[in-house]
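Okay, structure first, notes after.
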Amino acid sequence: MGKATGFLEYERKNAAVEEPLKRIRHFNEFRTPLPLEEQQKQGARCMECGVPFCQNGAMLAGMASGCPLHNLVPETNDLVYSGNWKQAYERLSKTHSFPEFTSRVCPALCEAACTCNLNGKPVSTKENERAIIEHAYEMGWVQPQTPKIRTGKKVAVIGSGPSGLAAAQQLNRRGHSVTVFERHDRIGGLLRYGIPNMKLDKKILDRRIELMKAEGVEFKTGVDVGKDITAEELKKQFDRVILACGASNPRDINVPGRESGNIYFAVEYLSSVTKSLLDSGFADGKAISAKGKHVLVIGGGDTGNDCVGTAVRQGAKSVTQLEMMPKPSVERLPSNPWPEWPKVLKTDYGQEEAIAVFGQDPRIYKTTVKEFQKDKNGNVKKAVIVSLEPKKDEKSGRMMMVPVEGSEKVIDAQLVLIAAGFLGSQKYVTDAFKTDLNPRTNVLTKPDEYETSVPGVFTAGDMHRGQSLVVWAIREGREAAREVDKSLMGYTNL
Ligand SMILES: Cc1cc2nc3c(=O)[nH]c(=O)nc-3n(C[C@H](O)[C@H](O)[C@H](O)COP(=O)(O)OP(=O)(O)OC[C@H]3O[C@@H](n4cnc5c(N)ncnc54)[C@H](O)[C@@H]3O)c2cc1C
Ligand code: SF4
0 MGKATGFLEY ERKNAAVEEP LKRIRHFNEF RTPLPLEEQQ KQGARCMECG VPFCQNGAML
60 AGMASGCPLH NLVPETNDLV YSGNWKQAYE RLSKTHSFPE FTSRVCPALC EAACTCNLNG
120 KPVSTKENER AIIEHAYEMG WVQPQTPKIR TGKKVAVIGS GPSGLAAAQQ LNRRGHSVTV
180 FERHDRIGGL LRYGIPNMKL DKKILDRRIE LMKAEGVEFK TGVDVGKDIT AEELKKQFDR
240 VILACGASNP RDINVPGRES GNIYFAVEYL SSVTKSLLDS GFADGKAISA KGKHVLVIGG
300 GDTGNDCVGT AVRQGAKSVT QLEMMPKPSV ERLPSNPWPE WPKVLKTDYG QEEAIAVFGQ
360 DPRIYKTTVK EFQKDKNGNV KKAVIVSLEP KKDEKSGRMM MVPVEGSEKV IDAQLVLIAA
420 GFLGSQKYVT DAFKTDLNPR TNVLTKPDEY ETSVPGVFTA GDMHRGQSLV VWAIREGREA
480 AREVDKSLMG YTNL
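Going letter by letter, the sequence shown gives residues 0 to 493 in numbering that gives the first Met the number 0.
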């Protein structure tokens with residue numbers, strides 16, 4: 000039992016965050032964690048509930064409530080409080096492959112479901128997690144875990160995002176020989192070329208990849224499976240294959256003028272910026288640039304926010320972000336009670352920065368684009384935007400957002416970034432392996448299982464569950480590894 004009165008004695012304290020107007024001058028992470036002694040007090044705030052919703056990870060009203068990895072949250076919080084950092088690291092490692100990623104980018108489903116969040120501020124479990132793993136690295140406790148015995152079985156993992164990496168780590172530690180194939184020049188999936196450096200410094204990713212290499216995982220970059228190597232060849236060379244290729248089919252905005260220049264998908268834009276940063280510190284000039292441009296971001300979600308933060312850093316003249324749905328309420332509605340995920344207004348780092356620079360929130364709700372207009376060089380110059388209103392579709396009975404006649408406005412837009420979500424897996428990979436798909440073009444398996452319709456071929460992550468979160472990708476990778484291990488050995492201890 001932790002400190003029984005901790006939540007009464009200590010206020011929640013968070014890492015110090017650099018001011019928006021200062022942090023936009025660089026692409027580095029901008030949070031300074033609390034000193035360890037202060038973090039211990041944050042651990043003391045945990046009430047060690049008898050029914051800890053924080054570690055549940057169950058679906059409530061269609062959204063996850065609590066940690067999908069079932070991290071042993073009250074136990075690790077208590078170990079933080081008592082300063083048993085090594086034990087905290089060992090306990091966290093039981094359920095988690097990469098706490099250094101989630102403790103930077105996770106929306107902290109654990110905290111949303113924390114009992115303290117019912118009528119106060121939740122325990123800072125995400126920052127406790129960061130303190131545990133970063134202290135463990137500093138103390139040299141995070142060492143390669145090389146298997147003592149190899150099983151002689153070979154597994155190919157296609158895709159090096161968090162799901163592929165988690166599966167590879169688990170299977171390699173079990174003694175199987177794992178090769179990860181990645182079509183990009185660097186390992187990491189969207190951790191590398193999606194999530195910007197200021198949210199997840201790429202050195203953090205490199206540190207883990209070096210460990211995995213030392214553990215014996217083989218990485219092959221620049222290999223596009225289904226193009227550079229066939230599915231048949233892979234199936235011949237390996238005992239099992241895991242498809243962890245993500246959901247990289249972006250949803251397009253098919254309106255007149257879409258063919259204009261300077262209209263990009265969000266990940267195309269964000270990855271060009273990170274690649275240029277990593278290759279040359281931007282000296283190569285290869286990043287798609289927002290400098291001096293009126294930027295229009297289509298999509299009000301997290302990816303859109305990353306585009307806003309990046310465009311602001313590049314020196315955009317203005318940034319507008321369109322969201323189709325109505326503005327969420329500031330407080331939880333009675334129809335969305337704790338411990339459900341709170342559907343409330345969130346102002347993320349990029350939006351905060353845009354507010355600091357331009358004096359107003361970049362988001363315009365219930366609005367979409369109707370048309371793009373181009374200049375004489377064929378590049379986008381303006382966008383016609385239109386307001387939307389909810390209306391019931393007579394056939395399906397579903398609520399749709401439909402344009403309001405006469406509400407059109409023309410705005411300047413010299414760089415357009417489409418962050419309107421993803422539609423599922425890419426056809427050439429699933430065609431190559433001939434896997435069955437669900438109607439959303441995610442790879443089909445039986446519920447809560449990972450083997451595809453093709454024997455010996457498994458799947459995990461966004462490619463399986465659709466566009467999601469890093470924490471879910473890690474869970475899927477670990478569970479797929481378990482199934483693969485069982486299918487190879489007849490039992491599993493993963
Ligand atoms: C811009 C952006 C920001 C995000 N921010 C967050 C965040 O802050 N927090 C959060 O929790 N989630 C975030 N997400 C979601 C999160 O990144 C994904 O849910 C997660 O990365 C999915 O992991 P994955 O391993 O399934 O796939 P991915 O990370 O997409 O990795 C798939 C990999 O497979 C490779 N690949 C595909 N096809 C082939 C092939 N044929 N051959 C070889 N390699 C192939 C791809 O190149 C890619 O590297 C964000 C997503 C985006 C787009
Ligand atoms: S992985 Fe995410 S949800 Fe799970 S404990 Fe960490 S911050 Fe919370």
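Just so it is clear, CB atoms sit at the ideal spot from N, CA and C, and this is done for glycine as well.
- For residue 264, the uninterrupted beta strand (DSSP E) run begins and ends at 262-264, by DSSP.
- Annotation: residue 243 to residue 460 spans about 6 Å, alpha carbon to alpha carbon.
- Not one heavy atom of ligand 2 lies closer than 7 Å to the C-beta of residue 162.
- Nearest Cα to residue 101 within the set 62, 73, 200: 200.
- Here residue 104 is actually not in contact with residue 23; their C-beta atoms are around 19 Å apart, not less than 8 Å.
- Residue pairing for residue 411: DSSP places it in a beta bridge opposite 381.
- In the three-state scheme derived from DSSP, where H, G and I count as helix and E and B as strand, residue 422 is classed as coil.
- Contact check for residue 124 and residue 107: beta-carbon distance about 7 Å, within the 8 Å limit, so the pair qualifies.
- For residue 417, DSSP records a beta bridge to 264, 297.
- Between the C-alpha atoms of residue 207 and residue 196 there is a straight-line separation of about 16 Å.
- DSSP places residue 75 in the helix class (H, G or I) of the three-state scheme.
- Relative to residue 180, the option among 156, 174, 430, 169 whose CA is nearest is 156.
- Within 7 Å of the C-beta of residue 210 there is not a single heavy atom belonging to ligand 1.
- Counting every other CB atom within 10 Å of its CB across the protein chains shown gives residue 253 a total below 16, marking it as exposed.
- Between the alpha carbons of residue 130 and residue 204 lies a gap of roughly 17 Å.
- One Cα belongs to residue 322, the other to residue 419, and the distance between them is close to 9 Å.
- In this structure, the alpha-carbon of residue 491 lies about 29 Å from that of residue 139.
- By the Cβ test, the region 446-460 is not in contact with the region 213-226, since fewer than three Cβ pairs between them sit closer than 8 Å.
- Our two residues, residue 88 and residue 428, have alpha carbons roughly 38 Å apart in a direct line.
- Within the chosen limit of 7 Å, ligand 2 does not reach the beta carbon of residue 115 with any heavy atom.
- With fewer than 16 other beta carbons inside 10 angstroms of its own, residue 324 counts as exposed.
- Judged by DSSP secondary structure, residue 162 falls within the alpha helix (DSSP H) whose first and last residues are 161-173.
- Fully enclosed alpha helix (DSSP H) runs of no fewer than 4 residues are not present anywhere in the region 328-355.
- Distances from the alpha-carbon of residue 317 to those of 61, 349, 15 put 349 closest.
- Judged by pairs of C-beta atoms under 8 Å, the region 38-46 touches the region 5-16, as three or more such pairs exist.
- Residue selection by CB proximity (closer than 5 Å to any heavy atom of ligand 2) returns 66, 70, 101, 105, 107, 108, 109, 125, 128, 470 in chain order.
- Judged by DSSP secondary structure, residue 371 falls within the beta strand (DSSP E) whose first and last residues are 366-373.
- Distances from the CA of residue 6 to each of 56, 121, 35, 92 were compared; the closest alpha carbon is that of 121.
- Around the C-beta of residue 463, 16 or more other C-beta atoms lie within 10 Å, and the residue is accordingly described as buried.
- When distances are taken from the beta-carbon of residue 293 to the heavy atoms of ligand 1, even the shortest one reaches 7 Å or more.
- A straight-line Cα-Cα distance of about 13 Å links residue 165 and residue 99.
- Proximity of the beta carbon of residue 244 to ligand 1 is indicated: a heavy atom of the ligand is located closer than 7 Å.
- Scanning its chain for C-beta atoms nearer than 6 Å, with the 5 sequence neighbours on each side dropped, one finds around residue 306 the residues 265, 296, 416, 418, in chain order.
- Here the alpha carbon of residue 351 sits roughly 7 Å from the alpha carbon of residue 19.
- Judged by their CB atoms, residue 395 and residue 246 are not nearer to each other than the 8 Å cut-off.
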